[in-house]
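Peer 1:
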Amino acid sequence: MIGIRKADLERLKPYGDTMDDGKTQLSFSLPVPAGPEAAEAAKRLVLAHGFADPMMVRMEAMGPTMSFFVFYGAMQQTIDYKNLVVPKAEFEALDMHQIDDLIEAQFGRRLVVVGACPGTDAHTVGIDAIMNMKGYNGHYGLERYKMVKAVNMGAQIPPEALVARAIAENADAILASVVVTQKDLHITTLTELVEVMEAEGVRDRMLAIVGGPRMTYDLATELGFDAGFGPGSYAEDVAAYVAQELLRRQGKAMPVRA
Amino acid sequence: MMKLPLDNAKVAYARSLAERVVSPLLESFAARSTVSIERAVLRLYGVDGVDHEDIPWPNRVVDRLKQDGRLTTGAARALAATVRASGLPVQEAAVHLAQHGLESDLNDPTEAGAAREWAELEARKALTRLAATRQARRETRLRLGTGPTPQKYLIVATGNIHEDVPQGVMAARQGADIIAVIRSTGQSLLDFVPHGETTYGTGGTYATGANFRLMRQALDEVGEELGRYIQLTNYASGLCMPEISVLAAQEGLDMLLNDALYGILFRDINIHRTLTDQHFSRMLNAFSGIIINTGEDNYLTTADALEEGHTVLASQFINERFAKAAGMPESLMGLGHAFEMNPNTEDGLLYEIAMAQLVRQVFPEAPIKWMPPTKHVTGNIFWTYAHNTLYNLVGVLTGQSIELLGILTEAIHTPFASDRYLALQNADYVNRYARHLSEEIQYAPDGRIARRAAQVLDEAVGLLEKVADEGLVPSVAKAVFAGVTRLPDGGKGLAGVFDRADTYLNPFEALLARQEVRA
Chain A
0 MIGIRKADLE RLKPYGDTMD DGKTQLSFSL PVPAGPEAAE AAKRLVLAHG FADPMMVRME
60 AMGPTMSFFV FYGAMQQTID YKNLVVPKAE FEALDMHQID DLIEAQFGRR LVVVGACPGT
120 DAHTVGIDAI MNMKGYNGHY GLERYKMVKA VNMGAQIPPE ALVARAIAEN ADAILASVVV
180 TQKDLHITTL TELVEVMEAE GVRDRMLAIV GGPRMTYDLA TELGFDAGFG PGSYAEDVAA
240 YVAQELLRRQ GKAMPVRA
Chain B
0 MMKLPLDNAK VAYARSLAER VVSPLLESFA ARSTVSIERA VLRLYGVDGV DHEDIPWPNR
60 VVDRLKQDGR LTTGAARALA ATVRASGLPV QEAAVHLAQH GLESDLNDPT EAGAAREWAE
120 LEARKALTRL AATRQARRET RLRLGTGPTP QKYLIVATGN IHEDVPQGVM AARQGADIIA
180 VIRSTGQSLL DFVPHGETTY GTGGTYATGA NFRLMRQALD EVGEELGRYI QLTNYASGLC
240 MPEISVLAAQ EGLDMLLNDA LYGILFRDIN IHRTLTDQHF SRMLNAFSGI IINTGEDNYL
300 TTADALEEGH TVLASQFINE RFAKAAGMPE SLMGLGHAFE MNPNTEDGLL YEIAMAQLVR
360 QVFPEAPIKW MPPTKHVTGN IFWTYAHNTL YNLVGVLTGQ SIELLGILTE AIHTPFASDR
420 YLALQNADYV NRYARHLSEE IQYAPDGRIA RRAAQVLDEA VGLLEKVADE GLVPSVAKAV
480 FAGVTRLPDG GKGLAGVFDR ADTYLNPFEA LLARQEVRA
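Line order of the protein sequences matches chains A and B. Residue 80 in numbering that gives the first Met the number 0 sits at position 81 of the first sequence, with consecutive numbering throughout. Residue 350 in numbering that gives the first Met the number 0 sits at position 351 of the second sequence, with consecutive numbering throughout.
1) Less than 7 Å between CB atoms is the rule here; does B:Arg272 satisfy it with respect to chain A?
2) Identify which residue in B:Asp427, B:Ser314, B:Asp418 and B:Leu96 has its Cα closest to the Cα of B:Gly461.
3) Taking all protein chains shown into account, decide if A:Lys133 is buried (16 or more other Cβ within 10 angstroms of its Cβ) or exposed.
4) Give, in chain order, every unbroken run of the beta strand (DSSP E) that is at least 3 residues long and sits entirely within the segment 170–252 of chain A.
5) With a threshold of 7 Å between beta-carbons, can A:Gly62 be considered close to chain B, or not?
6) If the cut is a Cβ gap below 7 Å, which residues of chain B does A:Phe67 touch?
7) Kindly indicate which three-state DSSP category B:Glu18 falls into: helix, strand or coil?
8) Are the C-beta of A:Ala158 and some C-beta of chain B separated by less than 7 Å?
9) Contact criterion: CB-CB distance below 7 Å. Does A:Thr220 meet it with respect to chain B?
10) Which chain B residues sit within Cβ distance under 8 Å of A:Ala121?
11) Counting C-beta neighbours from all protein chains within 10 Å, is the total for B:Asp190 16 or more, i.e. buried, or is it exposed?
12) So with CB distances below 9 Å, who are the chain A contacts of B:Arg431?
13) Does the separation of the CB atoms of B:Ser280 and B:Pro328 fall below 7 Å?
14) Check whether the Cβ of B:Thr201 lies closer than 7 Å to any Cβ atom in chain A.
15) If contact is defined by three or more beta carbon pairs under 8 Å, each pair taking one atom from either stretch, is the segment 17–30 of chain A in contact with the segment 125–145 of chain B?
16) What residue ranges within the segment 15–86 of chain B form continuous alpha helix (DSSP H) runs of no fewer than 4 residues, ordered along the chain?
17) Determine the direct distance from the alpha carbon of A:Leu184 to that of B:Val94, and round the result to whole angstroms.
18) Where do the N-terminal and C-terminal ends of the alpha helix (DSSP H) with A:Pro30 fall, by residue?
19) Buried or exposed: where does B:Arg419 fall if 16 or more other Cβ atoms within 10 Å of its Cβ makes it buried?
20) So, under 8 Å CB-CB, B:Ser32 and B:Arg499 are touching, yes? Tell me the CB distance rounded to an integer number of Å.
21) In whole angstroms, what separates the C-alpha of B:Gly222 from that of B:Met169?
22) Which residues of chain A have a Cβ atom closer than 8 Å to the Cβ of B:Lys374, listed in chain order?
23) Between the segment 31–39 of chain A and the segment 47–60 of chain A, can you find at least three pairs of beta-carbon atoms closer than 8 Å?
24) From B:Leu5 to B:Gln173, what distance separates their C-alpha atoms?
25) Where do the N-terminal and C-terminal ends of the beta strand (DSSP E) with B:Asp501 fall, by residue?
26) List the residues of chain A that B:Arg227 touches, going by C-beta distances under 9 Å, in chain order.
27) Give me, in chain order, the residues of the same chain whose beta-carbon lies closer than 6 Å to that of A:Phe67; leave out the 5 immediate sequence neighbours on both sides.
28) What three-state label does DSSP hand A:Ile102 in the structure shown?
29) Along the chain, where does the beta strand (DSSP E) containing A:Ile71 start, and where does it finish?
30) On the CB-based measure, 16 or more other CB atoms within 10 Å of its CB, does A:Ile3 come out buried or exposed?
31) What's the gap between the Cα of B:Gly308 and the Cα of B:Phe316?
32) Taking a Cβ distance cut-off of 9 Å, strictly less, list which residues of the segment 299–316 of chain B are near chain A, in chain order.
33) Got a sec: which bits of the segment 341–372 of chain B sit with their beta carbon under 8 Å from any beta carbon on chain A, in order along the chain?
34) Could you name the residues of chain A that B:Arg172 contacts, counting a contact when the two beta carbons are closer than 7 Å?
35) What residues in the segment 138–171 of chain A bring their beta carbon closer than 8 Å to a beta carbon of chain B?
36) Can you tell me the Cα-Cα spacing of B:Arg431 and B:Ile352, whole angstroms?
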């Protein structure tokens with residue numbers, strides 16, 4: 000009896016039901032009628048992308064001139080997982096009470112966070128999930144935190160207004176939430192936000208944080224933010240980061256907890 | 000049909016409370032107008048087009064009148080006086096009015112009388128033209144017939160109308176009954192309606208008369224080919240509600256999202272501005288036979304569906320009352336609600352059924368608009384597909400009318416052609432497979448579903464009592480709906496509201512209110 004092979008971390012590839020089989024699901028449409036030619040074209044496209052053994056499990060006609068495909072194929076590419084370096088917000092995960100205790104002990108005052116959906120973005124679901132009392136999916140929002148003053152300005156807030164409010168509130172951090180990313184609208188808005196902060200001379204006085212379903216730490220820092228939070232982030236992630244990053248900037252280390 | 004044991008007296012009481020909420024506001028609608036109502040009036044008379052800077056002529060005229068302090072008697076009076084004095088056709092007279100201001104003396108009784116006569120006569124003619132458009136559309140709809148309920152509503156949103164059109168046609172061929180062209184992000188905050196065919200938009204396509212016309216024509220053609228009438232919908236919300244209603248009537252749209260409360264809460268539009276706009280907008284929609292869609296479903300994207308379901312019902316009662324006040328029959332009231340409970344809720348499906356059935360029974364004649372899950376959609380497209388399947392099941396089980404199909408890539412991107420295709424497959428499967436389920440089962444009289452529905456109705460009555468006592472405007476300021484606070488002098492567009500002068504003239508409003516021209 001031979002044991003199950005371990006993942007080769009220097010040559011990582013997808014796992015279907017056997018180590019290193021590379022099996023991947025694909026679905027796409029082609030703007031041609033379903034038929035033998037469409038099937039062959041689809042298969043060649045999958046092959047050309049480096050999938051071995053392309054298997055068309057389904058072709059359907061989505062109309063007279065459009066076809067829909069489901070494929071499986073074996074990915075041939077591998078990635079060196081072992082030596083991968085991914086920049087990300089560095090902080091220790093804490094829950095709401097731990098964060099409140101940390102802020103109370105280390106700052107002795109409430110931290111102020113001003114949030115909004117900047118620009119024309121009208122989707123408040125992200126900022127509400129992080130800031131509103133109720134939070135999201137059982138994770139309370141920042142309004143619930145004893146030691147956080149959370150100001151949620153809502154949707155379609157011009158960057159100037161967001162920064163002005165942050166200055167008026169003497170904020171420790173600005174939270175921008177961007178949902179609409181079509182045509183890179185969010186890039187323009189977020190760039191403008193950082194520029195306004197710089198023009199007002201407050202870029203170094205407060206943390207600039209951005210969140211959204213398409214957001215990554217990499218993109219956020221590239222745009223001039225301190226951190227970016229993608230899908231699956233909750234209020235405690237943002238709050239834990241804010242508290243610990245502010246501490247770090249004051250030259251204090253995160254206290255070791257019992 | 001399975002029915003909930005509803006307390007009809009309580010439903011009637013809720014309606015009387017909604018009347019108490021709405022009545023005090025009707026006086027203010029009669030005493031005020033807005034820049035967008037005046038622009039709508041100009042459009043009704045046939046003023047159209049843009050100047051060399053792409054500013055619409057209706058805006059140019061209204062801005063000029065406002066600047067000269069001559070808007071309070073109404074754009075109709077100014078246009079009529081200019082046509083009379085200059086002898087120019089309407090469009091040229093409007094351009095003249097925008098460039099030179101009002102040159103006539105409205106205090107001259109003979110001239111004022113003649114202007115009024117022109118304004119009333121031309122308003123009658125304009126409404127007669129719109130009535131003909133409505134009638135032609137009604138005939139096509141009857142001849143071709145529409146799909147069975149729930150009617151499947153799908154969105155296109157490429158930003159480019161020339162890309163939207165083939166996508167809308169494709170969706171119709173795949174089985175869609177209703178096509179919505181989502182507007183470009185931020186259009187609701189523009190205080191003008193862009194002009195012409197547009198090819199650039201973010202997250203959607205600009206609503207313009209020309210874009211309406213292109214999509215309408217394409218859907219009419221594919222409808223003939225399929226032998227099924229395809230309905231077209233767009234968005235009369237935001238700062239240009241009345242103007243969008245005019246363009247939709249002229250171009251033969253079937254539905255419009257039309258909800259001031261939605262604009263107030265989710266677009267931060269001033270409450271006085273948008274309620275005043277909404278009233279005239281709904282009068283036009285009633286006349287044009289356009290079904291309105293209300294936006295209560297959105298409450299549940301911010302507030303919790305289990306805890307705040309009653310705010311949806313209370314708002315529906317209020318929206319029903321506003322619509323009645325504007326002359327709308329129930330058959331045009333597409334009141335909105337949604338399937339937005341947290342999927343981790345034990346028995347969540349039962350509570351969703353309770354809410355959907357309750358709304359269905361409380362508004363039996365209304366083409367209820369039912370919205371799919373968005374809040375708890377994660378990006379796991381396989382899970383979302385399952386989520387949407389249960390949504391579809393509740394839709395067919397409780398007899399929802401207008402069903403916006405859930406898209407498996409919700410919250411990822413505007414739908415791929417294949418996303419719409421899969422959404423239609425899902426809905427068709429469920430609707431076919433469970434078509435008569437509701438005729439075969441009954442609710443336990445004191446079961447979880449019946450108790451939940453009774454509770455939501457009770458809580459809605461409680462909320463309506465509070466809103467009736469305090470007034471709608473103060474209640475909205477206290478974050479009663481969707482947990483959002485909006486102050487009476489806050490939000491966008493308040494500067495566009497004005498008090499009417501004693502000699503204010505808007506013949507359309509009078510004709511629509513008296514229902515003298517029949518659609």
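A virtual CB, placed ideally from N, CA and C, is assigned to each residue, including glycine. Remember, it's a predicted structure, so these values are computed and weren't measured experimentally.
Peer 2: So, to answer that:
1) On the second sequence, position 273 is the one that residue 272 of chain B refers to. So no, B:Arg272 is outside the interface.
2) Residue 461 of chain B sits at position 462 when you count from the first residue of the second sequence. Considering only alpha carbons, the answer is B:Ser314.
3) Here residue 133 of chain A is taken as the residue at index 134 of the first sequence, counted from 1. By the neighbour-count rule (16 or more Cβ atoms within 10 Å), A:Lys133 is buried.
4) 172–176, 206–210 and 226–228
5) Numbered from its first residue, the first sequence carries residue 62 of chain A at position 63. Chain B, which has a Cβ nearer than 7 Å to the Cβ of A:Gly62, makes this yes.
6) Numbered from its first residue, the first sequence carries residue 67 of chain A at position 68. In chain order: Ser417 and Tyr420.
7) The residue given as residue 18 of chain B occupies position 19 in the second sequence. Residue state, collapsed to three classes: helix.
8) By one-based count along the first sequence, residue 158 of chain A stands at place 159. Just to set this straight, residue 158 of chain A is Pro in the shown sequence, not Ala. Not closer than 7 Å to any Cβ of chain B, the Cβ of A:Pro158 fails to qualify, so no.
9) Position 221 of the first sequence, counted from the start, is the residue given in the question as residue 220 of chain A. By this cut-off, A:Thr220 is not an interface position.
10) Residue mapping note: residue 121 of chain A aligns to position 122 of the first sequence, counting from 1. Chain B residues near A:Ala121: Thr184, Gly185, Ser187, Phe265 and Arg266.
11) Within the second sequence, numbered from 1, the residue matching residue 190 of chain B stands at position 191. Counting Cβ neighbours within 10 Å, B:Asp190 comes out buried, since at least 16 surround it.
12) In the second sequence, the residue the question calls residue 431 of chain B occupies position 432. Residues of chain A passing the Cβ test: none, with the nearest at roughly 17 Å.
13) Position 281 of the second sequence, counted from the start, is the residue given in the question as residue 280 of chain B. Position 329 of the second sequence, counted from the start, is the residue given in the question as residue 328 of chain B. No. Outside cutoff.
14) As a first step, residue 201 of chain B must be located in the second sequence, where it is residue number 202. It does; some Cβ of chain A falls within 7 Å.
15) no
16) 34–44, 56–66 and 74–85
17) Locating residue 94 of chain B in the second sequence gives position 95, where the first residue counts as 1. Locating residue 184 of chain A in the first sequence gives position 185, where the first residue counts as 1. Their Cα atoms are separated by approximately 36 Å.
18) On the first sequence, position 31 is the one that residue 30 of chain A refers to. Here A:Pro30 belongs to no alpha helix (DSSP H), and DSSP marks it neither H nor E.
19) On the second sequence, position 420 is the one that residue 419 of chain B refers to. B:Arg419 is buried by the Cβ-count criterion.
20) Taking the first residue of the second sequence as position 1, residue 32 of chain B is located at position 33. Taking the first residue of the second sequence as position 1, residue 499 of chain B is located at position 500. That belief holds up - the Cβ atoms of B:Ser32 and B:Arg499 are roughly 6 Å apart, short of 8 Å.
21) Your numbering for residue 222 of chain B matches position 223 in the second sequence. Your numbering for residue 169 of chain B matches position 170 in the second sequence. B:Gly222 and B:Met169: Cα-Cα distance of roughly 11 Å.
22) Translated into the one-based positions of the second sequence, residue 374 of chain B becomes position 375. Here the neighbours are Val124.
23) yes
24) Position 6 of the second sequence, counted from the start, is the residue given in the question as residue 5 of chain B. Position 174 of the second sequence, counted from the start, is the residue given in the question as residue 173 of chain B. Rounded to whole angstroms, B:Leu5 to B:Gln173 spans 38 Å at the Cα level.
25) The sequence position of residue 501 of chain B within the second sequence is 502, counting from 1. Per DSSP, B:Asp501 belongs to no beta strand (DSSP E) and is neither H nor E.
26) Locating residue 227 of chain B in the second sequence gives position 228, where the first residue counts as 1. Ordered by position in chain A, no residue passes the 9 Å Cβ test against B:Arg227, which lies about 15 Å from the chain.
27) Taking the first sequence and counting its residues from 1, one reaches residue 67 of chain A at position 68. Once the five neighbours on either side are set aside, the close Cβ partners of A:Phe67 are Ser28, Glu59 and Met61.
28) Residue 102 of chain A sits at position 103 when you count from the first residue of the first sequence. A:Ile102 falls in the helix class under three-state DSSP.
29) As a position in the first sequence, residue 71 of chain A is number 72, starting the count at 1. Rather than Ile, the amino acid found at residue 71 of chain A in this sequence is Tyr. That run of the beta strand (DSSP E) goes Met65 to Met74.
30) Translated into positions along the first sequence, residue 3 of chain A becomes position 4. That one is exposed.
31) Along the second sequence, read from residue 1 onward, the residue named residue 308 of chain B stands at position 309. Along the second sequence, read from residue 1 onward, the residue named residue 316 of chain B stands at position 317. The alpha-carbon atoms of B:Gly308 and B:Phe316 are separated by roughly 13 Å.
32) Thr300, Thr301, Ala302, Asp303 and Glu306
33) Asn341 and Asn343
34) For this step, residue 172 of chain B is matched to residue 173 along the second sequence. Here the neighbours are Gly62.
35) Gly153, Ala154 and Gln155
36) Taking the second sequence and counting its residues from 1, one reaches residue 431 of chain B at position 432. Taking the second sequence and counting its residues from 1, one reaches residue 352 of chain B at position 353. C-alpha separation (whole angstroms): 19 Å.
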